[in-house]
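No gaps in the numbering here: position 13 of the sequence shown is 9 in the numbering used here, and each next residue is one more.
Glycine is no exception: its CB is placed at the ideal position from the N, C-alpha and C atoms.
Contents: one structure, followed by commentary.
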Amino acid sequence: MRSKRKRNSNGFVYVYAIGCILLCSLIIVGIVSLARIERTAQSELTKKYHTEIKKGLKEMNQLLKK
-3 MRSKRKRNSN GFVYVYAIGC ILLCSLIIVG IVSLARIERT AQSELTKKYH
47 TEIKKGLKEM NQLLKK
């Protein structure tokens, strides 16, 4: 008589797959967060740059009027 071998449980494969999915999702969330931070920093720098240009132009106009 042949003995039937019991099939190994695939629990480790499932845990490994879930871990990979979680790791990938964390990496994606980190990239999205960095992109958002970069975008807000860029907009703040642009605003500051434009206000400095406006101040400089006003000062130059006042000097030219004198």
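What separation, rounded to the nearest whole angstrom, lies between the Cα atoms of residue i and residue j?
| i | j | result |
| --- | --- | --- |
| LEU60 | GLY26 | 51 Å |
| LYS75 | GLY52 | Residue 75 is absent from the structure shown; the chain starts at -3 and stops at 62. |
| CYS20 | GLU48 | 42 Å |
| SER29 | ILE23 | 10 Å |
| ARG35 | THR42 | 10 Å |
| SER39 | ALA31 | 12 Å |
| ASN57 | LEU18 | 58 Å |
Hey, is residue i close to the ligand SAH, as in C-beta under 7 Å from one of its heavy atoms?
| i | result |
| --- | --- |
| ILE24 | The ligand SAH is not part of this structure, which contains no ligands at all. |
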